[in-house]
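2 protein chains.
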Amino acid sequence: MKPTPSIRGGLIPRSAIRKLIPLSKETEKHGIKVIKLNIGQPDVETPPEFWEGVRHFKEKVLAYSPSEGRPEYLDALISYYSRFNLSFTREDIVVSQGGIEGVLYSLIACADPGEDILVPEPYYSNYLGTAAMAQVNFIPFTTRAENGYHLPERSIIEKCITKKTRAILFSSPGNPTGCVYTRAEMELLADIAQKHNLFLISDEVYREFIYGDTEAVSIFHIPGIDDHAVMLDSASKRYSVCGSRVGSIISRNKPFLDAVRALATVRLSAPTLDQLGIANCINTPDSYFIRVKADYKARRDIVVDALSALPDVVCHRPEGAFYVMLKLKGIDTEVFAKWLLTDFSHKGETVLLSPGAGFYATPGLGRDEIRIAYVLECGILKRAMEALIEAIRQFRLL
Amino acid sequence: MKPTPSIRGGLIPRSAIRKLIPLSKETEKHGIKVIKLNIGQPDVETPPEFWEGVRHFKEKVLAYSPSEGRPEYLDALISYYSRFNLSFTREDIVVSQGGIEGVLYSLIACADPGEDILVPEPYYSNYLGTAAMAQVNFIPFTTRAENGYHLPERSIIEKCITKKTRAILFSSPGNPTGCVYTRAEMELLADIAQKHNLFLISDEVYREFIYGDTEAVSIFHIPGIDDHAVMLDSASKRYSVCGSRVGSIISRNKPFLDAVRALATVRLSAPTLDQLGIANCINTPDSYFIRVKADYKARRDIVVDALSALPDVVCHRPEGAFYVMLKLKGIDTEVFAKWLLTDFSHKGETVLLSPGAGFYATPGLGRDEIRIAYVLECGILKRAMEALIEAIRQFRLL
Chain E
0 MKPTPSIRGG LIPRSAIRKL IPLSKETEKH GIKVIKLNIG QPDVETPPEF
50 WEGVRHFKEK VLAYSPSEGR PEYLDALISY YSRFNLSFTR EDIVVSQGGI
100 EGVLYSLIAC ADPGEDILVP EPYYSNYLGT AAMAQVNFIP FTTRAENGYH
150 LPERSIIEKC ITKKTRAILF SSPGNPTGCV YTRAEMELLA DIAQKHNLFL
200 ISDEVYREFI YGDTEAVSIF HIPGIDDHAV MLDSASKRYS VCGSRVGSII
250 SRNKPFLDAV RALATVRLSA PTLDQLGIAN CINTPDSYFI RVKADYKARR
300 DIVVDALSAL PDVVCHRPEG AFYVMLKLKG IDTEVFAKWL LTDFSHKGET
350 VLLSPGAGFY ATPGLGRDEI RIAYVLECGI LKRAMEALIE AIRQFRLL
Chain C
0 MKPTPSIRGG LIPRSAIRKL IPLSKETEKH GIKVIKLNIG QPDVETPPEF
50 WEGVRHFKEK VLAYSPSEGR PEYLDALISY YSRFNLSFTR EDIVVSQGGI
100 EGVLYSLIAC ADPGEDILVP EPYYSNYLGT AAMAQVNFIP FTTRAENGYH
150 LPERSIIEKC ITKKTRAILF SSPGNPTGCV YTRAEMELLA DIAQKHNLFL
200 ISDEVYREFI YGDTEAVSIF HIPGIDDHAV MLDSASKRYS VCGSRVGSII
250 SRNKPFLDAV RALATVRLSA PTLDQLGIAN CINTPDSYFI RVKADYKARR
300 DIVVDALSAL PDVVCHRPEG AFYVMLKLKG IDTEVFAKWL LTDFSHKGET
350 VLLSPGAGFY ATPGLGRDEI RIAYVLECGI LKRAMEALIE AIRQFRLL
């Protein structure tokens, strides 16, 4: 006899973003180049300030950091946020191992098993894994490609709220949509949270990636939200350091943050070297972000210009992050994404995409949508779009 | 109105090991030196091989590592374990963020909420936090100071097993006890696991720290255990790199490890630089371990020689790790540990200890026990023992 894993262990959702990778490796074995548009792993060079920060470590023993974070790291964050007119103290912040630990700890700290978290869908697919780990239910309200995945009207959100609802979790700028909520939308969410006494968990890891004149509104810019707001952040995208595991959980609701602090104590410490690296990234010059943003804007426009012009494609120009979510009417994107790897190439290349269904909780939704991460340089992206357009044309003829 | 955290958020156990730290800071403000025997943070210098490994990273982008671990890291582990006659492949291993993430993921992957995990008590107090996060029950069977915290007889363990039991979780060499299970004890646990179809989660993070002639037995040294065994490990203590967050989860039960891999995918990546540092620690010369072990053995003997001679103290000489758990008959160690900080000093010094109750699940147990982490140099430890003996004498007179 052999012990079997837990039922929940078998149900942890396998990543929608990563599950085609084995197939993609097969494709490459056959000599076809696969342009990877599936993972939000930026190609942007990590700034030298990170490496300088790592080298600041001169102690003889690489010891545990305080569970809530190294003081240098917390102080650098405080200084960083002050640039956005956000004023925090060390007591408001707990370091997390990447943004995702912040999601997990927030869910555990605000909801008991079997309680509900409201989430606009499509949402970042790894959220679903944290919900499974925390044993909470995701109650989705749907946003639509047709209006750029902005929020639906208030009544649609409110009708999802029951006595079991404990929080609304969202990201803006959004993954996978690129949608940046307006101040009015943030105020709407804040007002709903206040009226129904909910936590408002605002994932702001793409804060720096907003293009054009769109205003960057943090949840903490909304007056009166202190008791409800939880801001999640991560250095991964901001400084192109996904392999460092440092984020933050910020709240002025003391009992909530005390619970988060207890969870952080259980896992002892976030990585010490990474915290020092990120602390020194406060010295990254503005020119870095200006250049990076200009690059991403150009990339976004290559993708959107290529695809939004196609018939039977719904593709709004997202305001931020580095993703485009789009609808390919009449195409089963799960089948299409596999077909791209098994039966298609254009000039020796094909593309790896994330099918949309993995970003939805509602069964059946997203099956004609895909997510594109535009984290590659413009020349490659242009070739990828040429191949993708040709693929859509051919696939529609099948 | 203000949203309140979850009930479970309020119940996450605050660390037994760390909770006296604020009081200790107060004591130091009054000019009294506090010798810290509470936390297993070694003072041993991190070997240069770790820093060399970190410097091996030459890529321009600090990218996500594969969720299951960097290949260099996995291969280094395989090579390391082969020295102990343990043969693994990459498919048997998933990297964890420190040993503690391994505990959490193992509990989630082997048990559903409300199911039972058997644990010998006293146990590492952070286990309790992972059980709360995983929503599983700890069912303790008690080990006793009087026989050096070795396992009780088989019937005592077996009578804790019900249909809800999914695993036995233990550490050997043990935290907080320093007890190293004999081959016969490992075989007993293996036999119980096989008979009752349980997972056997063996936390072996103190593998290197065994003194004298005691044999180092891994769970994977027991024949026929492959379907049941889960080995947890961490580089933190081995190479004195607690601030790097790299451990491992090893199992040949494929459905179990698949579930662990899915959990690892949710959290994306363990820290990349730390993995490279640890990978290169495979080159740490044997002389490093020989010296470190000799140091710890001398430290252990200072503590045990000083305390085991006292009347009304039960203090066996532990075979491994760097902890001594001992019984101070008739003393409430919670009160005593606080009194040491508020009302005692000897030659301008006092000691910070971990009271025993935090290492027990059974209410009332451990209240006359303390844990001492002997992670300081011999001279300081001798002064600490002098102060502690004087404190015990004075406290008994109160």
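If you're matching them up, the sequences are chains E and C in order.
Quick note: the first sequence uses numbering that gives the first Met the number 0, first residue 0, plus one each step.
Quick note: the second sequence uses numbering that gives the first Met the number 0, first residue 0, plus one each step.
Even glycine gets a Cβ: it sits at the ideal position worked out from N, Cα and C.
Which stretch, first to last residue, makes up the alpha helix (DSSP H) that contains residue i?
| i | result |
| --- | --- |
| LYS259(C) | A small correction: the amino acid at residue 259(C) is Val; Lys does not occupy that position in the sequence shown. From DSSP, the alpha helix (DSSP H) with VAL259(C) extends over 253 to 265. |
| LEU85(C) | Counting along the chain, LEU85(C) falls outside any alpha helix (DSSP H), and DSSP gives it neither H nor E. |
| ASP42(E) | Segment: none, ASP42(E) is in no alpha helix (DSSP H) and carries neither H nor E. |
| VAL53(E) | 47 to 54 |
| LEU399(C) | No information on residue 399(C) is available, as it lies outside the stretch 0 to 397 that chain C covers here. |
| LEU187(C) | 182 to 195 |
| MET384(C) | 377 to 396 |
| VAL179(E) | No alpha helix (DSSP H) holds VAL179(E); DSSP gives it neither H nor E. |
| SER154(C) | 153 to 157 |
| ILE107(E) | 97 to 109 |
| TYR295(E) | 285 to 307 |
| LEU61(C) | Counting along the chain, LEU61(C) falls outside any alpha helix (DSSP H), and DSSP gives it neither H nor E. |
| ALA133(E) | 125 to 133 |
| ASN146(C) | Careful: ASN146(C) lies outside any alpha helix (DSSP H) and carries neither H nor E. |
| GLY363(C) | Neither: GLY363(C) is in no alpha helix (DSSP H) and is coded neither H nor E. |
If you follow the beta strand (DSSP E) that residue i is in, where does it begin and where does it stop?
| i | result |
| --- | --- |
| ASN136(E) | 136 to 141 |
| GLY246(C) | 246 to 250 |
| ILE34(E) | 32 to 35 |
Pick from the options: whose alpha carbon is nearest that of residue i?
| i | options | result |
| --- | --- | --- |
| VAL204(E) | ILE221(E), THR181(E), GLN193(E) and MET230(E) | MET230(E) |
| LYS1(E) | LYS35(C), ARG165(C) and THR142(C) | ARG165(C) |
| THR271(C) | GLU71(E), PHE394(E), THR45(E) and GLY242(E) | GLY242(E) |
| ILE107(C) | GLN96(C), THR129(C) and ALA320(C) | THR129(C) |
| GLY223(C) | SER247(C), ILE248(C), ASN252(C) and ARG244(C) | ASN252(C) |
| SER353(C) | HIS345(C), THR181(C), ASP367(C) and GLY363(C) | ASP367(C) |
| GLU214(E) | HIS227(E), MET185(E) and SER201(E) | MET185(E) |
| ASP42(E) | LYS337(E), ASP294(E) and GLY365(E) | ASP294(E) |
| VAL350(C) | MET384(C), CYS377(C) and GLY365(C) | MET384(C) |
| THR141(C) | ARG382(C), PRO362(C) and ASP111(C) | PRO362(C) |
| ILE38(C) | PRO112(E), PHE49(E) and LEU267(E) | LEU267(E) |
| ASP190(E) | ASP202(E), ILE156(E), THR176(E) and ARG395(E) | ILE156(E) |
| HIS149(C) | LYS158(C), ARG382(C) and ALA183(C) | ALA183(C) |
| ASP289(C) | LEU117(C), PRO139(C), ILE209(C) and PHE219(C) | Per the sequence shown, the amino acid found at residue 289(C) is Ile instead of Asp. Residue ILE209(C) is the option with its Cα nearest to ILE289(C). |
| ALA144(E) | TYR122(E), LYS32(E), LYS381(E) and GLN40(E) | TYR122(E) |
| ILE218(E) | GLN193(E), ALA263(E) and TRP338(E) | GLN193(E) |
| ILE160(E) | TYR180(E), THR181(E), ASN196(E) and GLY177(E) | ASN196(E) |
| ILE369(E) | VAL94(E), THR283(E) and LEU306(E) | LEU306(E) |
| ARG153(E) | VAL179(E), PRO310(E), LYS28(E) and PRO119(E) | PRO119(E) |
| ALA228(C) | LEU375(C), LEU396(C) and SER250(C) | SER250(C) |
| LYS18(C) | LYS35(E), PRO65(E) and LYS346(E) | PRO65(E) |
| GLY52(C) | ILE34(C), GLU71(C) and ASP300(C) | GLU71(C) |
With DSSP as the reference, please indicate the residues paired to residue i in a beta bridge.
| i | result |
| --- | --- |
| ILE224(C) | ILE224(C) pairs with nothing; no bridge assigned. |
| ASP202(E) | SER170(E) and LEU231(E) |
| PRO119(E) | PHE140(E) |
| PRO354(E) | ILE369(E) |
| GLY8(C) | None; GLY8(C) has no bridge partner. |
| TYR322(C) | ALA372(C) |
| GLU348(C) | LYS32(C) and HIS345(C) |
| VAL312(E) | LEU327(E) |
| ILE209(C) | GLY319(C) |
| THR399(C) | Limits of chain C in this structure are 0 at one end and 397 at the other, which puts residue 399(C) out of reach. |
| ILE92(E) | ILE249(E) |
Would you please state the rounded distance, in angstroms, between the beta carbons of residue i and residue j? I believe it to be under 8 Å.
| i | j | result |
| --- | --- | --- |
| LEU325(C) | VAL313(C) | 6 Å |
| GLY97(E) | GLY246(E) | 5 Å |
| SER12(E) | PRO112(C) | The sequence shown places Pro at residue 12(E), not Ser. Not quite, the Cβ-Cβ distance comes to about 17 Å (not below 8 Å), so this is no contact. |
| ALA372(E) | TYR322(E) | 6 Å |
| VAL240(C) | THR45(C) | 5 Å |
Whether or not the segment 0 to 15 of chain C and the segment 355 to 363 of chain E are in contact is what I'm after, with contact meaning three or more pairs of Cβ atoms, one per stretch, closer than 8 Å; do they touch? no
Within the chosen definition, does the segment 166 to 186 of chain C reach the segment 271 to 286 of chain C through at least 3 CB pairs nearer than 8 Å? no
Quick check: the segment 232 to 251 of chain E against the segment 378 to 395 of chain E, are at least 3 beta-carbon pairs closer than 8 Å? Note that the segment 378 to 395 of chain E does not touch the segment 232 to 251 of chain E; fewer than 3 beta-carbon pairs, one per stretch, sit closer than 8 Å.
Cβ pair count under 8 Å reaching 3, the segment 116 to 130 of chain E against the segment 95 to 110 of chain C: no
Inter-stretch contact at 8 Å, needing at least 3 Cβ pairs: the segment 254 to 262 of chain C / the segment 73 to 93 of chain C: yes
Stretch-stretch touch, CB-based, cutoff 8 Å, three pairs: the segment 22 to 29 of chain E with the segment 374 to 383 of chain E: no
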